[in-house]
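Participant: One structure, as structure tokens, below. Some questions next.
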Amino acid sequence: MKKVEAIIRHFKLEDVKLALSSQGVQGMTISEVRGFGRQKGHTEMYRGAEYTVDFVPKVKLEIIVRNEDVQKTISTIMRAAQTGQIGDGKIFVLSLDEAVRIRTGETGSDAV
Amino acid sequence: MKKVEAIIRHFKLEDVKLALSSQGVQGMTISEVRGFGRQKGHTEMYRGAEYTVDFVPKVKLEIIVRNEDVQKTISTIMRAAQTGQIGDGKIFVLSLDEAVRIRTGETGSDAV
Amino acid sequence: MKKVEAIIRHFKLEDVKLALSSQGVQGMTISEVRGFGRQKGHTEMYRGAEYTVDFVPKVKLEIIVRNEDVQKTISTIMRAAQTGQIGDGKIFVLSLDEAVRIRTGETGSDAV
Amino acid sequence: MIRVGREWAVGCVALVAMLAFSGRLNAYQEESNVLTPTASTTVPVDKGDNAWMLVSSALVLMMTAPGLALFYSGLVRKKNVLGVMMQCLFLMGLMTTIWGLYGYSLSFGGSPKDAEGKPSGDSAWIGNGEYFFMHNVEPKLVQKDGKPELEYPMEGTIPRLTHMLFQGMFFIITPGLICGAFAERMKFSTMVVFSIVWGTVVYCPLCHWVWDNGILAYGSPHAVVAGLNTGALDFAGGTVVHISSGASALICCLVMGKRLGYGHDPMPPHNMTYTLIGATMLWVGWFGFNAGSALNAGGLASTAFTATHFAAAAGTLSWPLMEWITHGKPTVLGACSGAVAGLVCITPASGFVQPMPALLMGAIAGVVCYFSVNKMKPKFGYDDSLDAFGVHGVGGTLGAILTGVFATRQAADAAVSSGAELGLLEGGKLLVPQVFAAGLTWVYAVAVTFVLLKILDATMGLRVSQEDEVQGLDFSQHGEEGYIFI
Amino acid sequence: MIRVGREWAVGCVALVAMLAFSGRLNAYQEESNVLTPTASTTVPVDKGDNAWMLVSSALVLMMTAPGLALFYSGLVRKKNVLGVMMQCLFLMGLMTTIWGLYGYSLSFGGSPKDAEGKPSGDSAWIGNGEYFFMHNVEPKLVQKDGKPELEYPMEGTIPRLTHMLFQGMFFIITPGLICGAFAERMKFSTMVVFSIVWGTVVYCPLCHWVWDNGILAYGSPHAVVAGLNTGALDFAGGTVVHISSGASALICCLVMGKRLGYGHDPMPPHNMTYTLIGATMLWVGWFGFNAGSALNAGGLASTAFTATHFAAAAGTLSWPLMEWITHGKPTVLGACSGAVAGLVCITPASGFVQPMPALLMGAIAGVVCYFSVNKMKPKFGYDDSLDAFGVHGVGGTLGAILTGVFATRQAADAAVSSGAELGLLEGGKLLVPQVFAAGLTWVYAVAVTFVLLKILDATMGLRVSQEDEVQGLDFSQHGEEGYIFI
Amino acid sequence: MIRVGREWAVGCVALVAMLAFSGRLNAYQEESNVLTPTASTTVPVDKGDNAWMLVSSALVLMMTAPGLALFYSGLVRKKNVLGVMMQCLFLMGLMTTIWGLYGYSLSFGGSPKDAEGKPSGDSAWIGNGEYFFMHNVEPKLVQKDGKPELEYPMEGTIPRLTHMLFQGMFFIITPGLICGAFAERMKFSTMVVFSIVWGTVVYCPLCHWVWDNGILAYGSPHAVVAGLNTGALDFAGGTVVHISSGASALICCLVMGKRLGYGHDPMPPHNMTYTLIGATMLWVGWFGFNAGSALNAGGLASTAFTATHFAAAAGTLSWPLMEWITHGKPTVLGACSGAVAGLVCITPASGFVQPMPALLMGAIAGVVCYFSVNKMKPKFGYDDSLDAFGVHGVGGTLGAILTGVFATRQAADAAVSSGAELGLLEGGKLLVPQVFAAGLTWVYAVAVTFVLLKILDATMGLRVSQEDEVQGLDFSQHGEEGYIFI
Ligand SMILES: Nc1ncnc2c1ncn2[C@@H]1O[C@H](COP(=O)(O)OP(=O)(O)O)[C@@H](O)[C@H]1O
Ligand SMILES: Nc1ncnc2c1ncn2[C@@H]1O[C@H](COP(=O)(O)OP(=O)(O)O)[C@@H](O)[C@H]1O
Ligand SMILES: Nc1ncnc2c1ncn2[C@@H]1O[C@H](COP(=O)(O)OP(=O)(O)O)[C@@H](O)[C@H]1O
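Protein chains in written order, with this note's numbering: chain A, 1 to 112; chain B, 113 to 224; chain C, 225 to 336; chain D, 337 to 822; chain E, 823 to 1308; chain F, 1309 to 1794.
This is the structure we're talking about:
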């Protein structure tokens, strides 16, 4: 079991979600994050005081998938989230020791 | 050292927190997430326009524990967070390479 | 490739960001979290009803770095985020299986 | 779904029917007007008075929303913010419609038209039907020596329409105040039916008793109990508005029970900034509520305005000072609550007290309500979500009593000033009828509210399902979210 | 940057120039005043009327902001909240300046001063220049039998200055309403130029036609079309404000096209609490809008106030009842929309109808606008972001027509009451001119707006870049963020 | 804790003592009233005037909260939102209480009662005690030819109570404005003591000098400096309110020092929507502030209302236009700031200038304050958190001077109009006393504020602890959170 983390643009969330579900992903968890990278933030001006906001709002997806589904998941996300512009985001993959479904206690791939 | 991630319902947070502390867990970190899974979201209606909100608000717990405490932690969370209804959430376990306490520089299990 | 997670105080974010960039870190992702630990929360009082807010607002940094940079990154964060007071936070390190840059499809250390 | 169906059906049919009817009625009036001889006096409108009363009407409406809507909604959890606001807004529509159709008539119909001003027996308990559908309230085209002229039924120096509007705003906010007691758990449909019945059966008679020569009105021949035939003083609604709503609020939270997780889960106010904005809007709007109750823009309005402002100010200080003493910190919610407590307490007295006693009353109200909310509520353990009883019930009763102490002929309208001594401080006996009026209001409001709730509980059900309560009223009752900040 | 440069340059130069000029002009006036004989009557100011009209002016300004600013901004996505609010605020500055310089004169200049009050031919279409730069509106120091005395040009019983202020507030909110149609995508600089031209070319003439003895004014000799020479009734702006803005709004969303992702991405209101607060402030402010249109604090103001309040109330009930029937839940947005729909619909009728018909009109408006927004819009698929057309265009037209049905001499000002029967219900023929006036307003507003938008599209461009639209107007147009809650 | 303890003890004892005393006093008055012959005139109340002045009082209170509370709180960081709001609300309670007890008397006591209206020497610097505890302000029951009658002490055509209320609202907002300078770092308890002393020692005398025949009043025999014995013109508080608060604000931020992390950490406004809502409420409320200062509802009120509205409008355009020129984007905060700058600048002139010069003054104010805030502040590096000095100090001084340029007898009250030429533009010499008055106000406010702050710093301490400042005032001072959105 792997944990796929993807950091994408807000307005791509809808597309990515659709792409993943149609690929058979049963569930995912998302959260609001702010990113810093090649994509530069912007400068706001309040009464002459300049504020550089160099953290850009992004959405983080966390998806637990079976090992064999990792590649498919990655490419699906890439296809759906890509614009080609700097700031499209990243995908990270981590190994999972265990997964449990609280409701039933099922573990492993049955849990997701 | 393991990292236990749990995605639970908001109104269960209080119970889970109490259960964990009484079990001796020293600390944890929580964040607001939104989840997508078997539990369906709901539909909102604004001036005739329907919006399906299929991401349900959840709370994510991140707890670093010693390897030997993992099982106990999992079962504690399960007991406290379970309602039996779809949407109770998941528990994921990842391996940690290192942990450091910023204040003191302590590492490993002394850090948590 | 490693994933360095750091939980720090809000007002240290600026310093940590500067320290890391000057050390050559290209990017990072941050999110709002609330922490529970040795640092006690506070009690709010509304019309006689007491609420103990034992979760303290913190910022969570997630930084993907090359294995060889882990130590440097940790010490940089420690230096910038330390106050010596209880509540400075933690640093956790996890192993990464893979990293992908959505825009280009680059993988591994080229992705970050 | 079916139940919901049934519910709106009722409401809907009612609305359509009544509108259709009113349409016809109006057509009928068109002819009838010219025929029916009109009894209403034709003194000219005093424009200064009318200007002030129209402004006051607007201010009192503003009290319900945005005022009360913000004050209350800031105190609930985020998931119920719209639930509370919707109750205020919907009541603006609902109570206004009822008021226009028959409420005003049941409250103020009768006595004024009676033979030589002597009120008729029938008007001791409830108004008659002379103002149904705004008949005898709306203007008429009459023939004055040959040429057509518009005639406005008057109430003193202002058109009766203005009086109807001003009083109608009170009819909106009173049930609105009760909503504070059952916030975060009441079914919207039941709240609607409750408000219709409560307004009709509790508010209208009470209003008539106190302000239209009824059994509690000062100087009314109908004033009950020989010894008390002076009746009681209630300048702007201590009994009619605050005691009635506060007493009913207590019954509501007792009958409905606590919110799920009350005492266990933290339920801090989700937006204290809304509560403060709302409280200050209530303060501003209350000038219309109290000073407007003078029904003119003369010196009495200034006295009432001053008393209102001073009492609010003192309450804003005394409540947080109590907190400062007991917990070391003055809170924003304390200052807001103190301001409202002072305003509630001065309401019945505002037209009868001098500035300094008003200041004193406000300060006392802040302290007393502080204890009722911070000590008494936890002691008895009822869940008065937003302290509708703790502030309006307790503060209103306190105000009715203190009026019996501080009211003075030095500051009152001509009629009252030329009468007997009033408050204890000037050696008057007013205290007795004041206590009696407060007591009777308590008994009546409690009794009717209790029966009404029991009936509704058995028929429609009072509370939303546990599931809906956990999810929040915003979505479960209205299918919306308050804030979408992501 | 260069384009932006050009744009502000224009605006800036204009402002500076006009201010400089006005400075000079004023200096010139100083001397001239004493010389020029003044024609303005010198009846004393009725302070009750003036008090009411000043308050009404303040209330109508409050309608644009905070009222409309909150109502509209709550409905957009978070990233555009400031974009909407800024349009309202900037219009307060912009339209007021234009109004003072020449707008008031183009709207109301002419007829009153004409030989023995008979309006001159030239004033059938547009006002003259007598009030440019507030000349003949501002007070003058004159010599009355030897000693100096201040003379205020009057409009009836109030200083003309007050009349100018009150009418000026309408000049602000009308283009503000249009902003609801192109919200979340229009370029700020283009919006500014659009508003200047639209106000000058559409609003001023229309205002003159309807309210200053122009071609649509009731009883005006200029009233077009033999058969209709009675002209139409528009008490507070059904045609001038709501139809004109609503019709233009429709053209705006048709010409500009949909927002990016419309229909695909969810675009729920980001802050329904703001929308409710705004709606209730609009309700309160509307009392000034309608009752203030009586231009005095007499009985007519009370009639208009009542009609306004009742229509709003009925709309607040009927729209959500429709939702309750069709979807099982009454929404907060439905109640807010219903209140506004009722207010829009009653606006032209407020001074001419009795309370019950007002209640009925409000209820009808709630239902009709419910369908226009929930059914018609999806059917035709235009993106009227905040339903400026759906509520103001449809509701305004409905109101103009229903005025022809329910208007009665039983409730109107003396002049009208002593005339012929009005609405259908009392056997009058008013319906014909009402329909005609609504139609003419539609045609004129649509035509001018269409041409204007095409020109602006070709020159400045109407929409922000796709990138800017995705990022949101708050940052792209103003470099700011609405909320920073972390 | 002990310190806190000491602090509330002081406040609390004071409150109780003063209330108890006032209670007694009142009782004493009851008898005394009948005895003491009253000197106050008994002209009847002009209800139009009184209606307008009561509304104006409500509007000015609304300026402090919700107006200023929203405007200021939106500009701070989220963790201090309640801190700012609480200062506004608590001042409403505190300053009102002081005003009623003795403030009004120190400001306006004396001159009016003097032998044949000629002000007595003693009233050149400070009012006397005739109005302590509202004595001679509240109504009295007197015997008029046998029968009892209520007599209201009058101020012109309105009850003195109304005058006291209206002026009291100014007493609230003035210290409120200063809060903008030390926002996000001042200790609440110290702020309370500061406001009490500042109001008593700075505001009351200043108010007396300018508005009660004191050393700066126009046409006062006490007007200092032979050559300037005409005194200065300040219609609604340019010196009394804005210069005094602005100058003190500058001293506050200089003495207290910068916020932790100022210049290093980003400190963007946390809720620009609040700031905009607050700014527009200030605009609306300012009509009461300026037009209400006419103390009647006649033509002068209309002139002042117009000047106020036009200046605000021009400022709303000129400030953002400067930004558009220099940075390519007009900001919402710029438009809000410009509106306020225009309003501040026109305040002293509002009753003495024609519409076009008002427009010009507003435009100038927007530009000048833009520079003071965007260029001067960074240059000198003081931390005027919310630009209380940058807008009110600079704008107020500018307004006082420009009044000397644009004031004209063509638009003023009878007394002034019949006097000598006023502004430069009409060849008057007013400019000299205007500059003098502004200067004297500056010197006095700066001196007293400086000393006061030094004393408080040494005794109670001005700033919260570093820890508390980092945590935010909401929790550290009040134990609450502004928003709980999770
Ligand atoms: N080293 C990193 N560690 C964690 N997150 C990163 C890292 N680099 C980039 N990110 C995340 O990816 C997002 C996009 O990266 P960026 O360099 O801006 O564009 P791109 O991915 O197209 O090169 C950033 O906003 C940040 O959230
Ligand atoms: N594959 C997954 N990856 C990440 N998170 C998931 C996944 N599946 C479910 N979740 C999280 O668990 C929550 C509950 O899952 P759900 O299927 O709705 O109920 P249950 O866990 O009872 O089957 C979801 O809201 C989501 O946050
Ligand atoms: N076991 C844990 N698992 C996850 N997060 C933790 C754990 N212990 C502490 N934290 C995080 O670290 C933060 C600081 O820890 P705390 O014990 O309060 O201070 P310190 O790190 O100085 O000992 C906490 O607020 C919490 O967010």
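The beta-carbon is built from N, C-alpha and C at its ideal position, and this holds for glycine as well. All values reported here derive from a predicted model rather than from experimental measurement.
Measuring alpha carbon to alpha carbon, tell me which of D:519, D:732, D:636 and D:685 ends up nearest residue 1466 of chain F.
Facilitator: Here residue 1466 of chain F refers to the residue found at position 158 when the sixth sequence is read from its first residue. Closest by alpha carbon: D:636.
Participant: Using a Cβ-Cβ cut-off of 8 Å (strictly less than) and excluding sequence neighbours within five positions of residue 810 of chain D, which residues of its own chain qualify?
Facilitator: As a position in the fourth sequence, residue 810 of chain D is number 474, starting the count at 1. 415, 416, 417, 418, 419, 816, 817 and 818.
Participant: Does the beta carbon of residue 31 of chain A sit closer than 8 Å to a beta carbon anywhere in chain B?
Facilitator: Counting from 1 along the first sequence, the entry for residue 31 of chain A is found at position 31. Chain B contact via Cβ: present.
Participant: Distance cutoff 8 Å, beta carbons only. Does residue 150 of chain B sit that close to anything in chain C?
Facilitator: Here residue 150 of chain B refers to the residue found at position 38 of the second sequence. So, not an interface residue.
Participant: Three or more beta-carbon pairs under 8 Å between the region 1500-1509 of chain F and the region 1757-1769 of chain F, yes or no?
Facilitator: Yes, they touch.
Participant: Can you find a CB in chain D that lies within less than 8 Å of the CB of residue 868 of chain E?
Facilitator: Walking along the fifth sequence from the start, residue 868 of chain E turns up at place 46. Yes, contact with chain D.
Participant: Taking Cβ-Cβ distances shorter than 9 Å, what residues in chain F pair up with residue 269 of chain C?
Facilitator: Numbered from its first residue, the third sequence carries residue 269 of chain C at position 45. Simply 1787 and 1788.
Participant: What's the gap between the Cα of residue 36 of chain A and the Cα of residue 242 of chain C?
Facilitator: Working through the first sequence from its first residue, we reach residue 36 of chain A at position 36. Working through the third sequence from its first residue, we reach residue 242 of chain C at position 18. Roughly 12 Å separates the two Cα atoms.
Participant: Kindly indicate the opening and closing residues of the beta strand (DSSP E) around residue 143 of chain B.
Facilitator: Mapped onto the second sequence, residue 143 of chain B falls at position 31. Unbroken beta strand (DSSP E) run through residue 143 of chain B: 140-148.
Participant: Are the CB atoms of residue 720 of chain D and residue 517 of chain D nearer to each other than 8 Å?
Facilitator: Counting from one through the fourth sequence, the residue named residue 720 of chain D turns up at place 384. Counting from one through the fourth sequence, the residue named residue 517 of chain D turns up at place 181. A contact, by the Cβ cut-off of 8 Å.
Participant: May I have the straight-line CA-CA distance separating residue 1227 of chain E from residue 1219 of chain E, to the nearest angstrom?
Facilitator: In the fifth sequence, counting from the first residue as 1, residue 1227 of chain E sits at position 405. In the fifth sequence, counting from the first residue as 1, residue 1219 of chain E sits at position 397. Rounded to the nearest angstrom, the two C-alpha atoms are 13 Å apart.
Participant: Taking a cut-off of 7 Å, which residues have a beta-carbon closer than that to any heavy atom of ligand 2, in chain order?
Facilitator: Checking every Cβ against the heavy atoms of ligand 2 under 7 Å gives A:25, A:26, A:27, A:28, A:29, A:62, A:63, A:64, A:65, A:101, A:102, A:103, A:112, B:119, B:145, B:147, B:148, B:149, B:150, B:151, B:168, B:170, B:198, B:199, B:200, B:201 and B:202.
Participant: So within the region 625-669 of chain D, which uninterrupted beta strand (DSSP E) runs reach at least 3 residues, ignoring any that extend past its ends?
Facilitator: The qualifying runs do not exist here; there are none.
Participant: Grouping DSSP H, G and I as helix and E and B as strand, with all else coil, what is residue 1567 of chain F?
Facilitator: The residue labelled residue 1567 of chain F in the question sits at position 259 within the sixth sequence. If DSSP states are grouped into helix, strand and coil, residue 1567 of chain F belongs with coil.
Participant: Mind checking whether residue 1172 of chain E and residue 1130 of chain E have CB atoms under 8 Å apart?
Facilitator: Numbered from 1 along the fifth sequence, position 350 holds the residue referred to as residue 1172 of chain E. Numbered from 1 along the fifth sequence, position 308 holds the residue referred to as residue 1130 of chain E. Yes. Within cutoff.
Participant: Would you say residue 48 of chain A faces chain F, with C-beta separation under 8 Å as the test?
Facilitator: Here residue 48 of chain A is taken as the residue at index 48 of the first sequence, counted from 1. So yes, residue 48 of chain A belongs to the interface.
Participant: Please list, in chain order, all residues of the same chain as residue 827 of chain D whose beta carbon is under 8 Å from its beta carbon, the five residues on each side excluded.
Facilitator: Since the first residue of chain D shown is 337 and the last is 822, residue 827 of chain D is not available in this structure.
Participant: Name the DSSP bridge partner or partners of residue 60 of chain A?
Facilitator: For the purposes of this step, residue 60 of chain A is taken as residue 60 along the first sequence, with counting starting at 1. A:7 and A:31.
Participant: Tell me, please, whether the CB atom of residue 1098 of chain E is closer than 8 Å to any CB atom in chain F?
Facilitator: As a working note, residue 1098 of chain E is residue 276 in the fifth sequence. Residue 1098 of chain E does not count as touching chain F.
Participant: Within 8 Å of any Cβ in chain B, is that where the Cβ of residue 250 of chain C sits?
Facilitator: Here residue 250 of chain C corresponds to residue number 26 of the third sequence, with the count starting at 1. By this cut-off, residue 250 of chain C is not an interface position.
Participant: So with CB distances below 9 Å, who are the chain A contacts of residue 224 of chain B?
Facilitator: By one-based count along the second sequence, residue 224 of chain B stands at place 112. The premise fails here: residue 224 of chain B is roughly 17 Å from chain A at the closest Cβ pair, so nothing lies under 9 Å.
Participant: Need the endpoints of the beta strand (DSSP E) that residue 45 of chain A sits in, please.
Facilitator: Along the first sequence, read from residue 1 onward, the residue named residue 45 of chain A stands at position 45. Taken as a continuous stretch (DSSP letters only), the beta strand (DSSP E) holding residue 45 of chain A covers 42-46.
Participant: Are the region 124-138 of chain B and the region 77-84 of chain A touching, with three or more C-beta to C-beta distances below 8 Å?
Facilitator: With a cut-off of 8 Å, the region 77-84 of chain A and the region 124-138 of chain B do not count as touching, because too few Cβ pairs lie within range.
Participant: Pick helix, strand or coil for residue 1040 of chain E, following the three-state DSSP scheme.
Facilitator: Here the question's residue 1040 of chain E lines up with position 218 in the fifth sequence. The answer is coil: DSSP assigns residue 1040 of chain E none of H, G, I, E or B.
Participant: Check the Cβ-Cβ distances between residue 147 of chain B and every residue of chain A, and say whether any is below 8 Å.
Facilitator: Counted from its first residue, the second sequence places residue 147 of chain B at position 35. Chain A, which has a Cβ nearer than 8 Å to the Cβ of residue 147 of chain B, makes this yes.
Participant: Going by other Cβ atoms of all chains shown within 10 Å of its Cβ, with 16 needed for buried, is residue 848 of chain E buried or exposed?
Facilitator: Here residue 848 of chain E refers to the residue found at position 26 when the fifth sequence is read from its first residue. Below a pLDDT of 50, predicted positions are generally treated as unreliable, and residue 848 of chain E, at 45, falls in that range; no measurement from the model is reported.
Participant: Closest Cβ-Cβ distance between residue 99 of chain A and chain C: below 8 Å?
Facilitator: For the purposes of this step, residue 99 of chain A is taken as the residue at position 99 of the first sequence. Residue 99 of chain A does not count as touching chain C.
Participant: Would you decide whether residue 1091 of chain E is buried or exposed? Buried here means 16 or more other CB atoms lie within 10 Å of its CB.
Facilitator: Position 269 of the fifth sequence, counted from the first residue, corresponds to residue 1091 of chain E. It counts as buried.
Participant: What's the C-alpha gap between residue 1328 of chain F and residue 1448 of chain F?
Facilitator: For the purposes of this step, residue 1328 of chain F is taken as residue 20 along the sixth sequence, with counting starting at 1. For the purposes of this step, residue 1448 of chain F is taken as residue 140 along the sixth sequence, with counting starting at 1. Unreliable placement is indicated for residue 1328 of chain F, whose pLDDT of 46 sits below 50; no coordinate value is reported for it.
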